[in-house]
Amino acid sequence: MTGQPYWESPVDKQIREAQERGEFDNLPGAGKPLDLSDSGDPDWWVKRFAARENLDLGGALPGALGLRKEAAGYPESLVDVRTEAQVREVIEDYNKRVLADRLRPAVGNLPPLIAKTLDVDEMVGRWRPLRAALEEQQRAAREDKAAAARAAASETRPSWWRRLLGR
13 MTGQPYWESP VDKQIREAQE RGEFDNLPGA GKPLDLSDSG DPDWWVKRFA
63 ARENLDLGGA LPGALGLRKE AAGYPESLVD VRTEAQVREV IEDYNKRVLA
113 DRLRPAVGNL PPLIAKTLDV DEMVGRWRPL RAALEEQQRA AREDKAAAAR
163 AAASETRPSW WRRLLGR
């Protein structure tokens with residue numbers, strides 16, 4: 013008794029032929045068990061993707077939480093800002109966004125989360141020593157690089173007339 017003839021879909025056929033050619037051999041992760049440690053979490057794939065791609069999920073936080081996280085990084089995150097006026101501008105923009113967030117209606121039955129505004133002068137005062145330390149490090153690095161370049165230049169071969177005269 014032969015039974016029903018086997019029918020193979022075009023996709024199954026392509027997969028079978030690729031396996032026979034060995035195109036799936038030596039792939040990364042071949043023969044390793046799947047990581048199912050967080051399979052109970054409904055957002056497991058988002059968390060894995062963010063970890064794999066080194067993504068910052070701060071933008072996915074609700075308004076006040078994102079603002080609080082941003083404020084927690086001040087003034088260290090402002091070290092690359094060059095001038096005091098730019099630091100003031102960044103903090104004033106932050107304060108405007110905090111005030112705009114307070115005007116939004118609360119969602120759900122929970123009390124609204126509120127982010128605090130920041131004192132611009134206090135942040136500038138905390139930024140100054142951090143920026144001065146960074147500029148000192150950059151200056152020292154430039155001096156070290158210049159000294160190394162001078163040392164390398166002094167070790168180069170003598171001028172053409174000294175080579176010509178043999179001195």
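Quick note, the sequence shown lines up with residues 13 to 179 if you use this note's numbering.
Don't be surprised by glycine CBs; every beta carbon is placed ideally from N, CA and C.
Exercise. Tell me whether N107 sits in a helix, a strand or coil according to DSSP, three-state version.
Key: Position 95 of the sequence shown, counted from the first residue, corresponds to residue 107. Residue state, collapsed to three classes: helix.
Self-check item: Assigned secondary structure, L146 (DSSP; H/G/I helix, E/B strand, else coil)
Solution: Taking the first residue of the sequence shown as 1, we reach residue 146 at position 134. DSSP places L146 in helix when its eight states are reduced to three.
Quiz item: If you draw a straight line from the alpha carbon of S49 to that of G34, how long is it in whole angstroms?
Solution: Position 37 of the sequence shown, counted from the first residue, corresponds to residue 49. Position 22 of the sequence shown, counted from the first residue, corresponds to residue 34. Straight-line Cα distance between these residues: approximately 30 angstroms.
Quiz prompt | N- and C-terminal bounds of the alpha helix (DSSP H) containing L77 | solution = As a working note, residue 77 is residue 65 in the sequence shown. Taken as a continuous stretch (DSSP letters only), the alpha helix (DSSP H) holding L77 covers 75-84.
Exercise. For M13, name the three-state secondary structure that DSSP assigns.
Key: As a position in the sequence shown, residue 13 is number 1, starting the count at 1. The pLDDT assigned to M13 is 48, lower than 50, so where the model puts this residue is not dependable; a value taken from the coordinates is nonetheless given after this. Three-state DSSP puts M13 in coil, outside helix and strand.
Self-check item: Chain-order list of residues whose beta-carbon lies under 7 angstroms from that of G70 (same chain, five-residue window excluded)
Solution: The count along the sequence shown starts at 1 and reaches residue 70 at position 58. Excluding residues within five positions, the ones whose Cβ falls inside 7 angstroms are G78, K81.
Exercise. Using three-state DSSP, classify K8 as helix, strand or coil.
Key: This structure cannot settle anything about residue 8, because the visible part of the chain is limited to 13 through 179.
Quiz prompt | For K128, the three-state DSSP class (helix, strand or coil) | solution = Taking the first residue of the sequence shown as position 1, residue 128 is located at position 116. In this structure, K128 counts as coil in the three-state DSSP scheme.
Quiz item: Just the Cα atoms here: how many angstroms apart are P124 and P141?
Solution: Within the sequence shown, residue 124 is the residue found at index 112, counting from 1. Within the sequence shown, residue 141 is the residue found at index 129, counting from 1. Approximately 35 angstroms between the Cα atoms of the pair.
Quiz prompt | The alpha helix (DSSP H) enclosing R174, as first and last residue numbers | solution = Residue numbering aside, residue 174 sits at position 162 when the sequence shown is read from its first letter. Segment 172-177, the alpha helix (DSSP H) holding R174.
Quiz item: Got a sec, what are the start and stop residues for the alpha helix (DSSP H) K25 sits in?
Solution: As a working mapping, residue 25 is identified with position 13 in the sequence shown. Taken as a continuous stretch (DSSP letters only), the alpha helix (DSSP H) holding K25 covers 22-33.
Quiz item: Sorted by chain position, which residues of the same chain lie with C-beta nearer than 7 angstroms to P87's C-beta, five sequence neighbours on each side aside?
Solution: Position 75 of the sequence shown holds residue 87. Excluding positions up to five away in sequence, the list reads M135, R138, W139, L142.
Quiz prompt | With 16 other Cβ atoms within 10 Å as the buried cut-off, status of V102 | solution = Residue mapping note: residue 102 aligns to position 90 of the sequence shown, counting from 1. Classification of V102: buried, given that the 10 Å Cβ count is 16 or more.
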